[in-house]
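Okay, structure first, notes after.
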């Protein structure tokens with residue numbers, strides 16, 4: 001007979017386990033692989049939440065987050081992700097594997113088997129895991145129940161029924177699409193206060209709070225907060241040790257619980273929000289997230305007593321906080337200043353021209369002819385004044401700052417003048433502010449465009465100057481700025497009439513334009529819509545009066561390489577004009593900002609066209625694209641004034657316009673040849689799978705390296721398959737290299753295998769055979785055997801008979 005105590009223990013154990021299994025049960029040994037679409041994420045019973053890999057990078061080097069997300073919500077849906085010790089996200093490359101093990105719980109390994117994250121601490125053997133309908137992922141043992149759960153390790157989000165205990169932190173992301181650690185926190189302190197504060201990056205040192213729940217009682221710990229609770233109706237409150245609830249948000253949101261999802265989020269802009277999204281009973285939900293509560297109400301004015309505070313405030317140093325109509329902050333550099341990191345609105349700003357303590361000969365007052373004072377109404381900078389004096393005259397306040405070489409800004413409050421030195425902190429602009437700020441700037445600089453010049457500055461007409469470039473020996477870009485007034489007959493292109501000067505087709509009469517950074521910032525809506533990524537930067541979509549543009553932002557290289565990359569591409573593409581080359585409209589060379597502005601190609605890259613669909617694109621269209629790429633290369637190699645080796649021909653660098661006409665892009669790695677040159681010496685360039693073996697020899701390279709890359713690309717166009725690709729899962733491993741397989745098929749008379757299922761290509765078999773033979777000639781290991789692009793064109797068109805190609809890789813020294 002089983003003793004009563006043992007029976008009770010077994011009963012209690014079963015109850016505990018049952019309480020943890022109200023979700024989808026995942027047995028130990030289960031695993032998921034990043035990028036393997038055949039393996040579905042682990043979903044909760046209602047399909048409201050999913051656990052697995054979430055793609056966060058759109059280029060070919062896919063990066064994934066191990067995450068939990070609202071499965072039916074298409075936007076802003078991630079509520080948890082795996083973090084490293086420094087609170088930054090753990091990014092997993094394609095092919096990484098997450099496995100549920102009995103001994104150590106969840107283990108995330110990279111494609112090579114190296115451990116990059118694990119759930120810890122794990123104190124006993126895991127029996128199984130559950131993905132619950134609350135959004136909580138729980139690891140369960142057979143005796144104690146839950147021993148690890150995602151709710152205990154929040155990122156930037158709380159879900160209904162989730163708690164934040166003493167010492168618990170919600171950390172913001174750096175931006176909406178950047179999961180790196182941001183500068184804002186929501187914390188429950190040891191004294192029982194829930195606070196919002198900024199931190200120092202990267203140390204994580206917390207600065208003073210800009211919101212406090214006032215749930216600390218120094219007279220009694222029982223009257224102090226013990227946890228923050230986000231309950232099912234979407235109500236956020238602090239629970240004191242004596243059981244009293246202190247509201248952070250209102251107790252009722254007015255929406256039925258069963259009809260909406262809720263979340264509390266520490267946003268990248270420093271505002272803590274409770275928001276809702278309408279539920280869907282099946283499929284993908286329709287709607288958008290709606291803020292129900294915002295804490296604080298006006299974040300720009302939230303520092304009520306800034307004396308002694310550290311840090312820059314809500315915005316960065318030398319930046320001004322203004323409240324948008326949706327109750328969220330906007331950070332903008334003061335006039336004459338620009339963001340150090342243009343991609344981070346809440347970062348610091350630097351002056352266009354630093355001011356000093358210059359003295360002018362023969363002038364009594366310090367630099368009065370060099371500087372001027374610019375009015376900033378309804379603006380205050382409440383921190384770090386180094387001098388204060390009473391005055392009823394704002395002109396005295398201005399003059400005092402103008403004549404003081406340390407003063408960069410003065411605040412006049414009606415009866416006092418405060419003088420400030422750099423950096424300026426906690427700037428805010430609001431209609432309720434009665435003080436005036438006067439910003440000291442060098443003359444002729446105060447009206448420079450900045451992300452947030454005042455209305456007076458924004459209304460002032462600015463001009464875009466024409467840029468002319470030419471090559472001088474070392475490929476240095478020489479920019480001649482034509483300035484003047486139309487009354488003098490000198491041509492000035494105003495931004496406002498760009499659409500009148502250049503047609504929507506961006507005709508060849510348009511010259512290269514030198515864009516100001518702010519023009520591009522506004523045209524791209526703050527670099528909001530990303531089109532793609534490459535080794536040297538990110539491409540964004542923008543809109544002008546003349547139509548859509550694509551902006552390549554060079555931000556992925558060391559400074560010296562970035563400069564070289566920028567000047568090379570402007571020099572090369574600026575002097576080329578061909579219907580099969582992407583047209584360069586202009587550039588931006590402002591401080592650390594290097595950007596290239598192209599015509600927008602609505603149908604994206606050839607890579608997407610060939611590889612991202614279930615069905616193969618039209619063979620007729622693919623044949624046309626193959627001809628057009630060859631025609632563009634022929635122009636570069638032999639027909640333009642300065643012969644050009646592209647050095648990086650691949651599908652990602654071929655773009656398609658509205659009519660699917662192919663255009664070669666991305667000349668950043670290009671090598672220029674003088675008219676009397678046929679070869680050049682340079683370091684290895686290009687992309688794996690498309691790089692000619694010539695690069696690995698000590699001899700100079702020539703245009704035949706592009707011919708080799710074109711041959712690889714031509715095979716990809718024929719087969720709609722990448723040359724080198726990994727197929728993870730189902731035991732397939734790495735697929736055979738396309739160039740090797742294609743030659744084997746040709747040699748064995750099995751060309752039908754290359755176009756299997758492509759009826760249009762099968763019906764045009766003679767052309768397929770001709771194209772394959774041309775491709776094999778192009779990928780010959782010996783560059784002397786490869787044809788020129790002129791000969792390639794003739795062979796593709798059938799104007800020259802294509803002889804039987806030899807084995808493309810006869811040498812064993814190069815693979």
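In full-length UniProt numbering, the protein residues as written are 1 to 815. Every residue gets a Cβ at the ideal spot worked out from N, C-alpha and C, and that includes glycine.
Residue 666 counts as buried, since at least 16 other C-beta atoms from the protein chains shown sit within 10 angstroms of its C-beta. In this structure, 192 is the residue among 192, 159, 152 with its C-alpha nearest to the C-alpha of residue 166.
The alpha carbon of residue 96 has as its nearest neighbour, out of 420, 103, 280, 64, the alpha carbon of 64. Going by C-alpha positions, residue 514 is about 38 Å away from residue 198. Restricted to the segment 586–657, the alpha helix (DSSP H) segments that are unbroken, complete and at least 4 residues in length are 606–611, 619–634, listed in chain order.
Per DSSP, residue 801 lies in no beta strand (DSSP E) and is assigned neither H nor E. Rounded to whole angstroms, the separation of the alpha carbons of residue 273 and residue 326 is 12 Å. Linking residue 628 to residue 554 through their CA atoms gives a straight-line distance of about 27 Å. Its Cα nearest to that of residue 103, the residue 127 stands out among 257, 127, 111, 270. Separation of residue 804 and residue 770 (C-alpha to C-alpha, rounded to the nearest whole angstrom) is 10 Å. Between residue 595 and residue 582, the CB-CB gap reaches or exceeds 8 Å. Between residue 408 and residue 292, the alpha-carbon positions lie close to 40 Å from each other.
If you compare the alpha carbons of 639, 517, 603 with that of residue 657, the shortest gap goes to 603.
In the DSSP assignment, residue 765 falls within the unbroken alpha helix (DSSP H) covering 765–778. Per DSSP, the unbroken beta strand (DSSP E) holding residue 80 starts and ends at 78–81.
For residue 245, the enclosing beta strand (DSSP E) has its first and last residue at 245–247. Only residues of its own chain outside the window of five on either side were considered, and among them 34, 35, 55, 93, 94 have a CB closer than 8 Å to the CB of residue 62, listed in chain order. Checking the DSSP bridge columns, you'll see residue 541 partnered with 550. For residue 739, the enclosing alpha helix (DSSP H) begins and ends at 738–747.
Shortest Cα-Cα distance from residue 271 to any of 182, 260, 525 involves 182. Per DSSP, the beta bridge partners of residue 100 are 106.
Collapsing the DSSP output to three states places residue 325 in coil. Residue 69 is bridged by DSSP to 50, 78. Rounded to whole angstroms, residue 235 and residue 67 show a C-alpha spacing of 25 Å. Straight across, the Cα-Cα distance linking residue 412 with residue 216 is about 37 Å.
Taken through DSSP and simplified to helix, strand or coil, residue 289 comes out as coil. Apart from the 5 residues on each side of it in sequence, residue 136 sits with its Cβ closer than 7 Å to the Cβ of 149, 150, 151 in its chain, given in chain order. Going by beta carbons, residue 335 and residue 439 fall inside the 8 Å limit.
If you look at residue 373, you'll find it in the beta strand (DSSP E) that goes 371–377.
Spatial neighbours of residue 800 in its own chain (CB-CB distance under 6 Å, excluding positions within 5 residues in sequence) are listed in chain order as 794. Taking 8 Å as the cut-off, the Cβ atoms of residue 617 and residue 611 do not count as close. Looking at the DSSP output, residue 792 bridges to nothing. In its chain, beyond the 5 residues on either side, 271, 273, 327 have a beta carbon closer than 6 Å to the beta carbon of residue 294. Residue 69 and residue 78 have their C-alpha atoms spaced approximately 4 Å apart. Taking the Cα of residue 525 as reference, the smallest distance to any Cα among 532, 540, 533, 638 is reached at 540. Residue burial is scored here from C-beta neighbours: residue 377 has fewer than 16 other C-beta atoms within 10 angstroms and is therefore classed as exposed.
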